[in-house]
Amino acid sequence: MKNLISLLVLILLLSACGQNTANDPIDVNYKSGTEGIEIQLVQNHPPSRIFEGSSFTIAAQVSNKGAYDTFGRFAIIGLDQTYTPIREQEFEMPPLKGRSESNTLGDFYVQEFFGEQTNVPPGAKEYRAKYLLLAIYEYMSILNADVCINPALLDIEREQSSCTVQAKQHFSGQGAPVAFTQVEEVITPSGEDVRIEFVFTIENRGRGNVFSPIRIDDVRLGTKPLTCNKREITEEELKQKRNIVVCSRTEPRQGAYTSALSATLQYTYKTTAPGEFVVQRIR
Amino acid sequence: MKGFDGNMKRVVILFALLLFVISCTPKTPENAQELSAVTKYVRSGTRGVEMSFVQNVPPRQIYDTSDLVVLLELRNLGNYDLGREQFQQCIVQLGGFDKSIVRGVNERQTCGDLPGKSEFAIDGGFNTVEFESSSILLPPDVDTYEPPIVATACYEYRTVAAPQVCIDPDFFEITGTQRACAVRDFAVGGGQGGPVGVTSVNVDMVGSKAIFQIEVANLGSGRVVSPRASITQCPGGLRYKDFDEVQFHAELSGGGAAKCVPQEGFVRLGNGKGRFVCTFQVGNVPAYETPLRVELNYNYMQSIRAPLQIIRTPE
Chain A
2 MKNLISLLVL ILLLSACGQN TANDPIDVNY KSGTEGIEIQ LVQNHPPSRI
52 FEGSSFTIAA QVSNKGAYDT FGRFAIIGLD QTYTPIREQE FEMPPLKGRS
102 ESNTLGDFYV QEFFGEQTNV PPGAKEYRAK YLLLAIYEYM SILNADVCIN
152 PALLDIEREQ SSCTVQAKQH FSGQGAPVAF TQVEEVITPS GEDVRIEFVF
202 TIENRGRGNV FSPIRIDDVR LGTKPLTCNK REITEEELKQ KRNIVVCSRT
252 EPRQGAYTSA LSATLQYTYK TTAPGEFVVQ RIR
Chain B
1321 MKGFDGNMKR VVILFALLLF VISCTPKTPE NAQELSAVTK YVRSGTRGVE
1371 MSFVQNVPPR QIYDTSDLVV LLELRNLGNY DLGREQFQQC IVQLGGFDKS
1421 IVRGVNERQT CGDLPGKSEF AIDGGFNTVE FESSSILLPP DVDTYEPPIV
1471 ATACYEYRTV AAPQVCIDPD FFEITGTQRA CAVRDFAVGG GQGGPVGVTS
1521 VNVDMVGSKA IFQIEVANLG SGRVVSPRAS ITQCPGGLRY KDFDEVQFHA
1571 ELSGGGAAKC VPQEGFVRLG NGKGRFVCTF QVGNVPAYET PLRVELNYNY
1621 MQSIRAPLQI IRTPE
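Right under this line is the structure:
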C-alpha cells in the first residue's frame, strides 16, 4: 500500500513538472504539411448496390485540412444522366477556414448530390456508375523562415557573430499543397553595399493539380519588399521543373542579423476523389 | 599503547581539520595582507570588458505588442581604465535582429565610465546599459520571429607587461656564480590584466645587443581588432584586414632606443598568436636584471547573445 502511494506521489510530481503554465504562449505550427481540401466519400451514400428505379444520394465530406481559408466550387462529373440522373451537378463551396490555434481540425461540411430515378441500359443486368467528385478551390501558401543576413561578408567566429548564413534551407510544406521546398541564400558584394538574393524553389506536393498560374506575392525580408525576376509560374513551367523564382534586395553593409523571410503563393487547386456504385435491374 | 593510539588519532584529525581550513581559505587578495599580492592580482588576468544580460531582461518570449527591454551589465575586469580619456572609446551595440521588425532601438551606446581593476577597486568598474524598443512590427503573415539578441562590445584596450629580464653582455668573463643573473628564455603566464598579453620572452645576447623575441597572444574569448580601425566601424563595418592586429612598444630601462621588427610597430596575429623582435643596445656592462616594459595597444570586440522569441498576439 505504501509503495502504491509513493508511486502515485511520484507520478503526480512528474506530471506536475511537465505542465505548461498559463503564461506559456501557444507553440504549434499549423502552417506545416502539404494538405489542402480533402474529399472523403460518406459511407452508404450511396450504397454500393441499388435497384433500378430508385433514387440515390451521393454524399462527401469536404474538409479543409490545410492552414489557409478557402472557397471554390464542388462538382460531380462522369455520371450518365440517362441512367443516373443528378438534379444539380455543381455547387458553390461555402468558405472553409483552415487549421489554426482556434480551429485545430479546420472547417468541413458535407456536400450531397441528389440523384433521381435510376435506369439500367436495355439488355444489361446492371449498370456500373462511375463518377468523380471534384473540388476546385482558391488556395495559398505562406513561407515564413528566419534567415541569417550577414551583409558584412565576414565569417567572424560563431560566438562573435549573431547567426550563421545557411546557404540552403529545405522545407516540407507550409500547410498547403503547393509549397516552397527550398530557399537558397546568396550574398554578393555590390560596391559599398551587398546584394542579397533568395532563390525559391516551388513544387506541387499535394495529391491534386495546380489549376491556374501560381502568383508570387508579398516577398519580404522583415518588412522590406524584395524584387523578384518573375511574378508568376504557369502550370506548364511547374511540370517542366522551371519552378525557380529569384528575389533580391540591396542592403548596406552592417553586422549580421536574423530576419524573417516571407513570401506568398496564390493559386487555384484541383482535387478529385473517385467513386462508383452499381444499379441493378429488378427481375 | 591504547593511550598512544588515541593521541595519534587526535593528531591526525587535527591535522586533517587544519588542512581543510587552509584549503578553504579564499585565494582572493582581499585576504592578502601584502599590497604586492594585490598589485599582482590587479596586473594579472586575461579579461577585459565582460558583459552579461540581467536575468530575464530580455525575456525568452514576448508578444509583439509588448516592449522589448534589454539590460546589460558591463564590468571592466582588466587593468586599463575606460571612459576616462576624452577620445577613448568603448561602445556596446545591440544587434542580431532586423531593425525593420524590432524598431526604434538606440542600438549603439557608450559603455560609460569603466575604470579597470586597481589596488583600490579590485573588482573593476561596473555599469549598466539599457536598450528598449516599444515598437515591434511583425511582417504580415509572420506569426513568430526568433532573432538572437546579440550585444557586442568594442573597446580600446591596453596591456602593459613588465617581465624582469637578465641583461648580460658577457664581456666580463667571470664565473656563473658571481653573475647577478643568468640570461634565459621564460614563459609569462596568467595574462597581464587584458585579453591580449605577453606569453613568452626569449632573450639572446649578441655582444652588446640584447635581442628579445616577444610572443603575444589573444588570451580572451573575443576578437582582436586593429587599433588602426576605428571603433566607429565596429562591428558591422569592419573588413578582414581590420582583425588580429596589435600595436606594440617595448622599452628597457636604460636600454637605449629599441629597434623592432615588424618596423611599423604592428604585429599580426595568426591563430591568435603573434611575435615581434626588439633589439636594444645595452653596451658593456656587468650582468643586471631590469624590467622589459612591453605595451600592447589594440581594439577588442566581444559578444554575448540571448535567445528571443517574438510571438504574434492572437486576435
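Protein chains in written order, with the working numbering: chain A, 2 to 284; chain B, 1321 to 1635. Even glycine gets a Cβ: it sits at the ideal position worked out from N, Cα and C.
What is the residue span of the beta strand (DSSP E) that residue i lies within?
i: residue 1458/B; result: Segment: none, residue 1458/B is in no beta strand (DSSP E) and carries neither H nor E.
i: residue 127/A; result: 127–150
i: residue 1578/B; result: From DSSP, residue 1578/B is part of no beta strand (DSSP E); its letter is neither H nor E.
i: residue 1285/B; result: Nothing about residue 1285/B can be reported from this structure: the residues present for chain B run from 1321 to 1635 only.
i: residue 1468/B; result: 1468–1481
i: residue 42/A; result: 38–42
i: residue 1569/B; result: 1565–1572
i: residue 1401/B; result: Residue 1401/B -> no beta strand (DSSP E), and no H or E assigned at all.
i: residue 191/A; result: 179–191
i: residue 1607/B; result: Where residue 1607/B is concerned, there is no enclosing beta strand (DSSP E), given that its DSSP letter is neither H nor E.
i: residue 1484/B; result: 1484–1487
i: residue 1430/B; result: 1428–1430
i: residue 1501/B; result: Unbroken run through residue 1501/B: none, as it is neither H nor E.
i: residue 164/A; result: Counting along the chain, residue 164/A falls outside any beta strand (DSSP E), and DSSP gives it neither H nor E.
i: residue 117/A; result: From DSSP, residue 117/A is part of no beta strand (DSSP E); its letter is neither H nor E.
i: residue 1533/B; result: 1529–1538
At the level of alpha carbons, what is the spacing between residue i and residue j?
i: residue 283/A; j: residue 90/A; result: 27 Å
i: residue 195/A; j: residue 1626/B; result: 27 Å
i: residue 1505/B; j: residue 1607/B; result: 16 Å
i: residue 1409/B; j: residue 1549/B; result: 12 Å
i: residue 55/A; j: residue 73/A; result: 31 Å
i: residue 1465/B; j: residue 1628/B; result: 8 Å
i: residue 235/A; j: residue 1370/B; result: 56 Å
i: residue 182/A; j: residue 1394/B; result: 44 Å
i: residue 1539/B; j: residue 1511/B; result: 7 Å
i: residue 80/A; j: residue 86/A; result: 8 Å
i: residue 1619/B; j: residue 1400/B; result: 12 Å
i: residue 1476/B; j: residue 69/A; result: 54 Å
i: residue 1328/B; j: residue 1336/B; result: 12 Å
i: residue 1487/B; j: residue 1578/B; result: 14 Å
i: residue 1630/B; j: residue 260/A; result: 12 Å
i: residue 232/A; j: residue 138/A; result: 21 Å
Go ahead and pull the three-state DSSP assignment for residue i.
i: residue 1330/B; result: helix
i: residue 105/A; result: coil
i: residue 1560/B; result: helix
i: residue 1553/B; result: helix
i: residue 265/A; result: strand
i: residue 260/A; result: strand
i: residue 1602/B; result: coil
i: residue 64/A; result: strand
i: residue 271/A; result: strand
i: residue 1441/B; result: coil
i: residue 1420/B; result: coil
i: residue 1359/B; result: helix
Kindly say whether residue i, judged by its beta-carbon, lies nearer than 8 Å to any beta-carbon of chain A.
i: residue 1524/B; result: no
i: residue 1573/B; result: no
i: residue 1442/B; result: no
i: residue 1345/B; result: Unreliable positioning characterises residue 1345/B in this predicted model, as indicated by a pLDDT of 46, which lies under 50. The coordinate reading is nonetheless provided below. With 8 Å as the cut-off, residue 1345/B does not count as an interface residue toward chain A.
i: residue 1634/B; result: yes
i: residue 1308/B; result: Nothing about residue 1308/B can be reported from this structure: the residues present for chain B run from 1321 to 1635 only.
i: residue 1421/B; result: yes
i: residue 1556/B; result: yes
i: residue 1368/B; result: no
i: residue 1603/B; result: no
i: residue 1590/B; result: no
List, in order along the chain, the chain A residues whose C-beta lies closer than 7 Å to that of residue i?
i: residue 1470/B; result: 163
i: residue 1625/B; result: 163
i: residue 1415/B; result: 163, 256, 258
Would you say residue i reaches chain B, if we count a Cβ-Cβ gap shorter than 8 Å as a contact?
i: residue 259/A; result: yes
i: residue 277/A; result: no
i: residue 36/A; result: no
i: residue 167/A; result: no
i: residue 255/A; result: yes
i: residue 102/A; result: yes
i: residue 23/A; result: Residue placement at residue 23/A is poorly supported in this model, since its pLDDT is 46, which falls under 50; the coordinates are not used for a value here.
Grab the span of the alpha helix (DSSP H) containing residue i for me, first residue to last.
i: residue 238/A; result: 236–240
Just to make sure I have the definition right: I need the residues of chain B whose C-beta is within less than 9 Å of the C-beta of residue i. Which are they?
i: residue 145/A; result: 1459, 1461, 1462, 1463, 1464, 1465
At 9 Å on the CB atoms, spell out the chain A contacts of residue i, in chain order.
i: residue 1418/B; result: 150, 222, 223, 224, 225, 258, 259, 260, 261
Residue i touches chain B at which residues, Cβ-Cβ below 8 Å?
i: residue 219/A; result: 1460, 1461
i: residue 265/A; result: 1461
i: residue 113/A; result: What residue 113/A touches in chain B: nothing, since even the nearest Cβ is about 34 Å away.
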